[in-house]
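Per the numbering used here: the sequence shown = residues 227 to 374.
Quick reminder that beta carbons are idealized off the backbone N, C-alpha and C, glycines included.
Comments concern the structure below.
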Amino acid sequence: MDFILQRGFFGTNSPFFIDFSITIFTLLPIFMAGAIFLARREFIKHHIIIQISLFVLVSSTLLIDIYSFSQVDIELKNGIIFYSYIIFIFSLYTVWYRTVYFSIEDSKRKALPGLYSKAHKRAGNILMVLIGINPILGMITYYLSFII
Numbered sequence: 227m228d229f230i231l232q233r234g235f236f237g238t239n240s241p242f243f244i245d246f247s248i249t250i251f252t253l254l255p256i257f258m259a260g261a262i263f264l265a266r267r268e269f270i271k272h273h274i275i276i277q278i279s280l281f282v283l284v285s286s287t288l289l290i291d292i293y294s295f296s297q298v299d300i301e302l303k304n305g306i307i308f309y310s311y312i313i314f315i316f317s318l319y320t321v322w323y324r325t326v327y328f329s330i331e332d333s334k335r336k337a338l339p340g341l342y343s344k345a346h347k348r349a350g351n352i353l354m355v356l357i358g359i360n361p362i363l364g365m366i367t368y369y370l371s372f373i374i
């Protein structure tokens, strides 16, 4: 796994794993919007598969990031901004985890779709806003940390 510590593919000083993460988190809102579109068209099974797949992809990416940060010494020009972004990411991940967990539990009880649909939709809307903000914050953090 040494390749994840090498120089990234955006042509900056950032390591590969950061460039990869930025790419994943930038494309994530598009895939999330597609999953929500499927749910609104009542393709619930497809919605569930895509949401769980995206959750697993993001979980794997975060695990790789944690491992990589422990292996490399990155001198960040704006460390406070970078670490604030990391806190935002883990907050977003926590909200997403709770949404997925409770959705699975509610589905097992046959309460979703149904009794908890309104709460699920509200949690999904909050999550979509956070995921929509994420690429903007990620690009700003990337720019301040690795480009200037």
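Reduced DSSP category for Pro241 - H, G, I as helix; E, B as strand; rest coil:
One-based indexing of the sequence shown puts residue 241 at position 15. In the structure shown, Pro241 sits in a strand (DSSP, three-state: E or B).
Compare the Cα-Cα distances from Arg266 to each of Gly364, Thr325, Val355 and His346 and report the closest residue.
Start at 1 with the first residue of the sequence shown, and residue 266 comes out as number 40. Here the closest residue by C-alpha is His346.
Please classify Arg233: does DSSP put it in a helix, a strand, or coil?
Taking the first residue of the sequence shown as 1, we reach residue 233 at position 7. DSSP places Arg233 in strand when its eight states are reduced to three.
Counting only the same chain and skipping the five closest in sequence on each side, list residues whose C-beta sits under 6 Å from that of Thr287.
On the sequence shown, position 61 is the one that residue 287 refers to. Around Thr287: Ser247 and Ile250.
Does Glu268 come out as helix, strand or coil in the three-state DSSP assignment?
Reading the sequence shown from its first residue, position 42 is the one you call residue 268. Three-state DSSP puts Glu268 in coil, outside helix and strand.
Rank Val326, Leu231, Leu356 and Ile275 by C-alpha distance to the C-alpha of Phe314 and give the top, closest one.
Translated into the one-based positions of the sequence shown, residue 314 becomes position 88. Residue Leu356 is the option with its Cα nearest to Phe314.
Taking only runs that begin and end inside the region 335-369, name each unbroken alpha helix (DSSP H) of 4 or more residues, in chain order.
343-368
Give the secondary structure of Ile330 by DSSP, where H, G and I count as helix, E and B as strand, and everything else as coil.
Taking the first residue of the sequence shown as 1, we reach residue 330 at position 104. In the structure shown, Ile330 sits in a helix (DSSP, three-state: H, G or I).
Beta-carbon within less than 7 Å of Pro361's beta-carbon, same chain only, minus the 5 sequence neighbours each way: which residues are those?
For this step, residue 361 is matched to residue 135 along the sequence shown. These residues qualify, in order along the chain: Phe251, Thr252 and Pro255.
Helix, strand or coil for Phe374, going by three-state DSSP, please let me know.
As a first step, residue 374 must be located in the sequence shown, where it is residue number 148. Per the sequence shown, the amino acid found at residue 374 is Ile instead of Phe. Coil, per DSSP.
Close-in-space but distant-in-sequence residues of the same chain around Met354 (CB under 8 Å, 5 per side omitted):
As a working mapping, residue 354 is identified with position 128 in the sequence shown. Here the set comprises Pro255, Met258, Ala259 and Ile262.
Where Tyr369 and Ser285 are concerned, what is the direct C-alpha to C-alpha distance, given to the nearest angstrom?
Here the question's residue 369 lines up with position 143 in the sequence shown. Here the question's residue 285 lines up with position 59 in the sequence shown. One Cα belongs to Tyr369, the other to Ser285, and the distance between them is close to 24 Å.
Could you check the C-alpha separation between Ser279 and Arg335 for me, to the nearest Å?
One-based indexing of the sequence shown puts residue 279 at position 53. One-based indexing of the sequence shown puts residue 335 at position 109. Cα-Cα distance, rounded: 22 Å.
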